[in-house]
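Presented below is the structure to which this report refers.
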């Protein structure tokens, strides 16, 4: 059995219809789904089986993906696996907060329900301001180094291009930007002219991890403040700083900042790799984080590459 592993929990964009439904044979997962359904006021199994367009809504995808992430975590636990550390990409950080003992499962669903609703409202409001014809959102820029992209955004902003932000620093080969519909359309042309291989719009509802959704952070803050955050029982790493979180108090502050600040995933992965782990597990749906980890080719003290394994389905977990 794998030892000294770090669990990485995926975020929005990793969802698919029927995710985690194969894990429901587990008693722990059944109890998890009951808790989620009670807090959400709707059957989480129905959310998990929603069609792709419904799952794209952030007020649906946030509780659904969180349920899938935590189902993988609990299914792994029933089979004797335990993490040495953990982290989560964007929304995935909430499953990591549970994994690290900082918040309870019930409070996690209360938070992601409120967070998803606040962020969906912000996205809807932005769409309304733009006339409703085109949606603000996010796009992955492939083939340009992140520092080059950030420099281009700073240059273009200085020249008058508004509402374009670096949102997710994903890997040496990829950075995700957030922006209004008009900013993303203009930026797509400019990035390709600058040498980007592709610019791909993401299946998300709004321009997350940017100042464009500050009102979502303002609306979420009172709910966040009402939840108790404990000190972590295992190391957990932050999207906002890219470093290990030292306390529950710090975790709560970062949870609010995370809504409008970029995800520094490259720095976070480097900190995880440097902590001495032997492997990572992507505990949740999809394979996004596996691809981003492999882009870096992290090695251990012996010079061997640190592997990452899929751990989001019963079949994947059985192979471990």
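Residue numbers (the numbering used here): 2 to 321.
Note that CB positions come from ideal geometry on N, CA and C, so glycine has one too.
Model, not experiment: these values are computed from the prediction.
Query, Result
"The beta strand (DSSP E) enclosing residue 226, as first and last residue numbers", "First-last for residue 226: 215–226, but that is the alpha helix (DSSP H), not the beta strand (DSSP E)."
"Among 193, 106, 298, 127, the one whose alpha carbon lies nearest that of residue 150", "193"
"Residue interval of the beta strand (DSSP E) (run including residue 86)", "86–89"
"Span separating the alpha-carbon of residue 92 from that of residue 318", "22 Å"
"Beta-carbon proximity check, residue 262 vs residue 210, cutoff 8 Å", "yes"
"Check whether residue 154 and residue 167 have beta carbons under 8 Å apart", "yes"
"Buried versus exposed call for residue 114 [16 or more other C-beta atoms within 10 Å across all chains shown]", "buried"
"Backbone secondary structure at residue 17 - three-state DSSP", "coil"
"Where residue 128 sits in the DSSP three-state scheme", "helix"
"Residue 22 versus residue 46 - alpha carbon distance", "7 Å"
"Nearest neighbour of residue 98, chosen from 314, 300, 249, 267 [CA to CA]", "249"
"4-residue-minimum alpha helix (DSSP H) runs that sit fully inside the segment 88–114, ordered along the chain", "93–100"
"Given 8 Å, three or more beta-carbon pairs between the segment 101–110 and the segment 182–201", "no"
"Assigned secondary structure, residue 209 (DSSP; H/G/I helix, E/B strand, else coil)", "coil"
"For residue 284, the three-state DSSP class (helix, strand or coil)", "coil"
"Buried versus exposed call for residue 234 [16 or more other C-beta atoms within 10 Å across all chains shown]", "exposed"
"Supposed close pair residue 1, residue 32 - CB separation, criterion 8 Å", "Residue 1 cannot be examined here, being either before or after the span of the chain that is shown, 2 to 321."
"Proximal residues to residue 17 (C-beta, below 8 Å), its chain only, five neighbours per side dropped", "53, 56, 286, 287"
"The segment 235–245 / the segment 70–86 touching (three or more Cβ pairs under 8 Å)", "yes"
"Reduced DSSP category for residue 123 - H, G, I as helix; E, B as strand; rest coil", "helix"
"Residue 125 to residue 206 span [Cα, whole Å]", "8 Å"
"Rounded straight-line distance, which links the Cα of residue 220 to that of residue 179", "20 Å"
"DSSP-derived helix/strand/coil call for residue 171", "strand"
"Sequence ranges, alpha helix (DSSP H) only - wholly within the segment 139–168, length at least 4", "147–159"
"Within 8 Å, strictly: CB atoms of residue 67 and residue 13", "no"
"Same chain, Cβ closer than 7 Å to residue 145, five either side skipped, listed in chain order", "192, 195, 196, 197"
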